[in-house]
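Numbering (my numbering), first residue to last: 173 to 385.
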């Protein structure tokens, strides 16, 4: 079975994302890394779908709807970070945690609610498992470029691209464009390739070591 993986390069077109040191733009970093991740996964036998393969605007709903309509097994969104404090640096990966969600009102039966909750919990568990693997592999892949700690760990958040998907999903923040050194690295093709290899290896390691499909 060919794993069907959607790679989402964040922002694009009129949405530049974060603007960092020396005019670096998040959208360009995301596209460069996302394209390489897609190519690497294809070379490993995966079926890859890109939410964008060029510099154009695409809505958040369009990204998740695309993955859902294509019945993807996994959704990976790639972004770059920004902070007012220029000392902030490193890599972090986000996924959804059921405890962040609150059920208010439902017309579903108890049995239906149980099924929904089980589905959400299973999706979140798989998302977390892959997120941990991707975080570890990316940090290992780029550690040679750094002399300080870069592992900001896996974190949990509710965002539109994580909430809107019907499959396990994660969002990787590959570094801070607001950090002078990290911004230079993020704009470097060798560093971008190292990140892409880390993301690819993290995905493949996770889905091969667990009964994922």
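Note that the Cβ used here is the ideal one computed from N, Cα and C, for glycine as well. As the structure is a prediction and not an experimental result, all values here were calculated from the model.
Option in the options with minimal Cα separation from residue i
i	options	result
residue 265	276, 277, 324, 238	324
residue 337	217, 240, 230	240
residue 257	279, 368, 351	351
residue 179	186, 276, 226	226
residue 362	232, 199, 317, 243	317
residue 331	255, 273, 284	273
residue 335	279, 247, 359, 310	247
residue 373	209, 175, 201, 176	209
residue 321	328, 329, 347	347
residue 166	207, 222, 245	The chain is shown from 173 up to 385; residue 166 falls before or after that span and cannot be answered.
C-beta atoms of residue i and residue j nearer than 7 Å
i	j	result
residue 138	residue 340	The displayed coordinates of the chain run from 173 to 385. Any statement about residue 138 would go beyond what the structure contains.
residue 216	residue 376	yes
residue 371	residue 306	yes
residue 184	residue 228	yes
residue 249	residue 182	yes
residue 205	residue 364	yes
residue 212	residue 220	no
residue 366	residue 314	yes
residue 123	residue 357	No statement about residue 123 is possible, as the shown extent of the chain runs from 173 to 385 and does not include it.
Residue i - partner residues in DSSP beta bridges
i	result
residue 253	348
residue 265	326, 344
residue 179	222, 248
Cβ shell of residue i (< 6 Å), same chain only, five flanking positions each side left out
i	result
residue 270	292, 293, 296
residue 355	192, 193, 196, 349
residue 345	251, 253, 264
residue 267	299, 300, 303, 342
residue 203	181
residue 224	181, 184, 230
Secondary structure of residue i, DSSP reduced to three states
i	result
residue 258	coil
residue 237	helix
residue 361	helix
residue 195	helix
residue 187	strand
residue 227	coil
residue 242	coil
residue 313	helix
residue 282	helix
residue 336	coil
residue 174	coil
residue 273	coil
residue 299	helix
residue 216	coil
residue 373	helix
residue 319	coil
residue 366	helix
residue 331	coil
residue 305	helix
residue 381	coil
Close-in-space but distant-in-sequence residues of the same chain around residue i (CB under 8 Å, 5 per side omitted)
i	result
residue 275	285
residue 187	199, 229
residue 233	332, 336
residue 260	253, 348, 350, 351
Close-in-space but distant-in-sequence residues of the same chain around residue i (CB under 7 Å, 5 per side omitted)
i	result
residue 218	174, 175, 177
CB contact check: residue i to chain D, cutoff 7 Å
i	result
residue 205	No chain D appears in the structure shown, which is made up of a single protein chain.
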